[in-house]
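A.B. asks:
Protein chains in written order, with this note's numbering: chain V, 15 to 156; chain E, 15 to 156; chain C, 15 to 156; chain G, 15 to 156.
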């Protein structure tokens, strides 16, 4: 995908500033104004007691995807509220979260995201989420 | 606090089974039927881009506390839904989450939790959360 | 739209049993397994202090649409949790809510919905919502 | 309860401006900065298909209580997001919602509320809720 406005580069720059994202090996797969797609590869230390992806990791992916979907359209944001629906056990060799900005705003933004577990190339929706964010100010330079 | 029913031991056993919790150094501080208190010490790799505790970590602590509050009263659970309200920037040398089971049930449980950032011994409420969990079956032996 | 399985009739039967729905003049526009579309015409008594559709009415439409989307696929349900994001002032001569069942289940179902305000034939998305429901038992006969 | 700052009067003035609240017979029982208590008496037209209080009415009471808890401390607000946990069938001769402002702010406020069904003088917690509101401007004169 071409990215004439360097949306991916902007997100990679923010991503590199977040130690948690670096620890998790979080990758930015694609981005456009109001959209972002991120991924991680499964590691044992991401697991909860039953071996599924920990709810904290599920939330991290959904919320980060929502934030990244917003950044390219409205600049830096901070999450006020997010919620996660755990539809199925979050299992996979890899996880991809895709987010869409539903409503940009000068003060508040609303976004939603879906999380897929990937096993042998097959995607399964494991969780959905939504986030409300406040716009914090001037854009981070890419 | 005395713990005649070994609630803390039960939670420590579950905690030890969760690699994410072990990675985060998550401690069980106290527990009783319908209540749990857990903590982590700040580490740089828990941070988001602005240096605050990552929303994923905020969610992990609130959701885990809710789950632990439920386990001692209804046995093992899996989260169906959780939500997080980020009231203030989540900063601190240490973070403590305290959860209460609002409504036990045979099928579903409802819990709520608060997350405090601790700086120089002073606690500040930084986030609140709630979780809906499904009861999954027989108790994990402590 | 043809409705060989009488999904609309099933929902109309439930709708007629709910006095609140009757009071609101709630109509079932269309339905299929996992989908439902309902509507009301604006009346002054639906308003909050600023003249917009009251948040309670917004929630009623979104939650009812989610429930109706579930009923045709899994039978009668009761809502455990629902949430509403108010994207814009809810104004219109008429309001339409469209819901989709995201994840059916024997115990729990997850659905999402969108609410549109209609003014002079033009639709505007004013709110989104989601609901978690528990399946309660045998189907209501249509 | 004395009310030297006329918090109840302020809320009654707003309440009278909201046709939905008037229709529902919504009463303001008590109020102080960051707190509000409201009630309705059961009427058949508030019911859903099984005879319980309709989820829309549950949401209306919880959200309105949250808004009223905010108004006395920060001035007029509009809800951005609210969520409702339905703990038990919402039955009662009367319903009381009590809300507390958790976090006031210049831009956003966070509040939580509990809804009780009253039967023969006995209160039972039937639902909990939370709301995020944006502060809209100058105070409504009481």
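Heads up, the beta-carbon is just placed ideally off N, CA and C, and yes, glycines get one too.
This structure is a prediction, so every number in the text was calculated from the model and none was measured.
Which residue wins for smallest C-alpha separation from residue 85/G, given the options 66/G, 139/G, 29/G?
C.D. replies: Within the fourth chain, numbered from 1, the residue matching residue 85/G stands at position 71. Selected option, being the one with the closest Cα: 29/G.
A.B. asks: Grouping DSSP H, G and I as helix and E and B as strand, with all else coil, what is residue 137/E?
C.D. replies: The residue given as residue 137/E occupies position 123 in the second chain. The answer is strand: DSSP assigns residue 137/E an E or B state.
A.B. asks: I want to verify the contact list: residues of chain V whose CB lies under 8 Å from the CB of residue 87/E, in sequence order.
C.D. replies: Translated into the one-based positions of the second chain, residue 87/E becomes position 73. Within chain V, no residue comes near residue 87/E; the closest Cβ sits about 17 Å away, beyond 8 Å.
A.B. asks: Cα separation between residue 99/V and residue 145/E?
C.D. replies: Along the first chain, one-based indexing puts residue 99/V at 85. Along the second chain, one-based indexing puts residue 145/E at 131. If you take the alpha carbons of residue 99/V and residue 145/E, they lie about 10 Å apart.
A.B. asks: Please say whether residue 125/E and residue 83/E have beta carbons closer to each other than 8 Å?
C.D. replies: For the purposes of this step, residue 83/E is identified with residue 69 of the second chain, where counting begins at 1. For the purposes of this step, residue 125/E is identified with residue 111 of the second chain, where counting begins at 1. Yes, they are a contact pair.
A.B. asks: For residue 153/E and residue 123/E, what's the separation of their Cα atoms in angstroms?
C.D. replies: In the second chain, residue 153/E corresponds to position 139, counting from 1. In the second chain, residue 123/E corresponds to position 109, counting from 1. With a pLDDT of 42 at residue 153/E, under the threshold of 50, the modelled position of this residue cannot be trusted, and the question is left open.
A.B. asks: Going along chain C in order, which residues have a C-beta closer than 7 Å to the C-beta of residue 144/V?
C.D. replies: By 1-based counting over the first chain, the position of residue 144/V is 130. Here the neighbours are 99.
A.B. asks: Measuring CB atoms only, is the segment 132-149 of chain G touching the segment 86-96 of chain G, in the sense that at least three cross pairs come out at less than 8 Å?
C.D. replies: The segment 132-149 of chain G vs the segment 86-96 of chain G: in contact.
A.B. asks: My parser needs the beta strand (DSSP E) runs of 3 or more residues fully inside the segment 81-106 of chain C; what are they?
C.D. replies: Runs found: 91-100.
A.B. asks: Which residues in the same chain have their Cβ closer than 6 Å to the Cβ of residue 102/G, if we skip the five residues on either side of it in sequence?
C.D. replies: Start at 1 with the first residue of the fourth chain, and residue 102/G comes out as number 88. Closer than 6 Å at the Cβ level, and outside the excluded window around residue 102/G, lie 140.
A.B. asks: Secondary structure at residue 21/C, three-state DSSP: helix, strand or coil?
C.D. replies: By 1-based counting over the third chain, the position of residue 21/C is 7. Looking at residue 21/C - three-state DSSP - the assignment turns out to be helix.
A.B. asks: Please name the residue, chosen from 67/V, 40/V, 73/V, 63/V, that lies closest to residue 127/V on a Cα-to-Cα basis.
C.D. replies: The count along the first chain starts at 1 and reaches residue 127/V at position 113. Looking at the Cα atoms, 73/V is the closest of the given residues.
A.B. asks: What residues are listed by DSSP as bridge partners for residue 125/E?
C.D. replies: Position 111 of the second chain, counted from the first residue, corresponds to residue 125/E. DSSP lists 115/E, 145/E as partners of residue 125/E.
A.B. asks: Can you have a look at residue 121/G and say buried or exposed, based on whether 16 or more other CB atoms are within 10 angstroms of its CB?
C.D. replies: If you number the fourth chain from 1, residue 121/G lands on position 107. Residue 121/G should be labelled exposed.
A.B. asks: Distance cutoff 8 Å, beta carbons only. Does residue 91/V sit that close to anything in chain G?
C.D. replies: In the first chain, residue 91/V corresponds to position 77, counting from 1. Residue 91/V does not count as touching chain G.
A.B. asks: Please state whether the Cβ-Cβ distance between residue 34/V and residue 87/E is less than 8 Å.
C.D. replies: In the first chain, residue 34/V corresponds to position 20, counting from 1. In the second chain, residue 87/E corresponds to position 73, counting from 1. Taking 8 Å as the Cβ cut-off, residue 34/V and residue 87/E do not qualify as a contacting pair.
A.B. asks: Using a Cβ-Cβ cut-off of less than 7 Å, list which residues of the segment 115-144 of chain G approach chain E; keep chain order.
C.D. replies: From the segment 115-144 of chain G, only 116, 117, 124, 142, 144 have a Cβ closer than 7 Å to chain E.
A.B. asks: Could you work out which residues of chain V lie near residue 95/G, taking near to mean beta carbons separated by less than 7 Å?
C.D. replies: Your numbering for residue 95/G matches position 81 in the fourth chain. Simply 95, 146.
A.B. asks: Answer yes or no: does any C-beta atom of chain E fall closer than 8 Å to that of residue 74/V?
C.D. replies: Start at 1 with the first residue of the first chain, and residue 74/V comes out as number 60. With 8 Å as the cut-off, residue 74/V counts as an interface residue toward chain E.
A.B. asks: Spatial neighbours of residue 67/C within its chain, please: CB distance less than 8 Å, with the 5 preceding and 5 following residues excluded, ordered by chain position.
C.D. replies: Sequence index remark: in the third chain, residue 67/C carries index 53 (1-based). Excluding residues within five positions, the ones whose Cβ falls inside 8 Å are 56, 60, 61, 104, 105, 106, 109, 131, 140.
A.B. asks: Taking residue 69/E as the query, report the chain V residues whose CB atoms sit under 7 Å from its CB, ordered along the chain.
C.D. replies: Residue 69/E sits at position 55 when you count from the first residue of the second chain. The contacting residues are 73, 74, 77, 93, 96.
A.B. asks: Using a threshold of 8 Å, state whether the C-beta atoms of residue 151/V and residue 81/V are closer than that.
C.D. replies: Here residue 151/V corresponds to residue number 137 of the first chain, with the count starting at 1. Here residue 81/V corresponds to residue number 67 of the first chain, with the count starting at 1. Not in contact: residue 151/V and residue 81/V (Cβ atoms no closer than 8 Å).
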